[in-house]
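Student:
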Amino acid sequence: MAVHLIVDGYNLMGVAWGGRLEPGADLELSRKRLLEQLRGFRAGRPLRVTVVFDGPGPGTAQESWWGLKVVFAGGQGRADGAIVRMVRCNPQGVVVATSDRALAESCRRMGAAVLSSQELMARLLAGNGAAQEGSWPEKEEQEAPGHTRAGKRGPSQRLSRKDRREMRRLRKL
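Going letter by letter, the sequence shown gives residues -1 to 171 in the numbering used here.
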């Protein structure tokens, strides 16, 4: 089953360019640069990518851009609502990329995996999304955070089933 990556577009752009657009940059040009990076990330992966932007777009509310689905959600803050509606339809197999804490928490509660915009940008910059060396250590999957290994292994040393499932989804990116 293909993973569905839903990206909070302007949130990711803020991370990519330090919280603001490049001086003198056109908003449309900046969006296209971001979409080109995501297109390279998607190449060769069984991955559906939807990018959601706040505000009206240059064309229709939904459009396809080289295999990426681009959604313009309308006014300020409406992208969050659109993302929540998409996750609510099918939370299994969905990874949401955002650094908005409220949006991330509501998506997690619905069962979607959440990736911060900083982590997604690091993956985009690391050779078109190739996993960085050491980014998913085996120890992290097997041990719960804050536990030290005292020679024994067992259920108390493992992440919860929900957390392991989320890690598997994120590893597919």
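Idealized CB from N, CA, C, for every residue including glycine.
Return the CA-CA distance between valine 1 and proline 44, expressed in angstroms with no decimal places.
Tutor: In the sequence shown, the residue the question calls residue 1 occupies position 3. In the sequence shown, the residue the question calls residue 44 occupies position 46. Roughly 7 angstroms separates the two Cα atoms.
Student: Determine, using beta carbons only, whether valine 93 and alanine 80 come nearer to each other than 8 angstroms.
Tutor: The residue given as residue 93 occupies position 95 in the sequence shown. The residue given as residue 80 occupies position 82 in the sequence shown. Not closer than 8 angstroms, so no.
Student: To which residues does DSSP link glycine 53 through a beta bridge?
Tutor: To locate residue 53, count along the sequence shown from 1; it is residue 55. According to DSSP, glycine 53 bridges with Gly72.
Student: Grouping DSSP H, G and I as helix and E and B as strand, with all else coil, what is leucine 118?
Tutor: Reading the sequence shown from its first residue, position 120 is the one you call residue 118. In this structure, DSSP gives leucine 118 a helical state, which the three-state scheme calls helix.
Student: List the residues that DSSP assigns as beta-bridge partners of arginine 46.
Tutor: The count along the sequence shown starts at 1 and reaches residue 46 at position 48. BP columns for arginine 46 point to His2.
Student: Nearest to aspartate 78 by alpha carbon, out of Asn88, Leu66, Val13, Ser104?
Tutor: As a position in the sequence shown, residue 78 is number 80, starting the count at 1. Check the Cα spacing between aspartate 78 and each of Asn88, Leu66, Val13, Ser104: the tightest is with Ser104.
Student: Candidates Glu117, Lys170, Cys87: which alpha carbon is nearest alanine 95's?
Tutor: Numbered from 1 along the sequence shown, position 97 holds the residue referred to as residue 95. Of Glu117, Lys170, Cys87, the residue nearest in Cα terms is Glu117.
Student: So, for glutamate 164: in the same chain, excluding its five sequence neighbours on each side, which residues have a beta-carbon less than 7 angstroms away from its beta-carbon?
Tutor: To locate residue 164, count along the sequence shown from 1; it is residue 166. So the list reads Ala111, once near-sequence residues are dropped.
Student: Once the 5 residues before and after valine 13 are set aside, which same chain residues still bring their CB inside 7 angstroms of it?
Tutor: Locating residue 13 in the sequence shown gives position 15, where the first residue counts as 1. Same-chain partners within the cutoff: Ser97, Ser115, Gln116, Met119.
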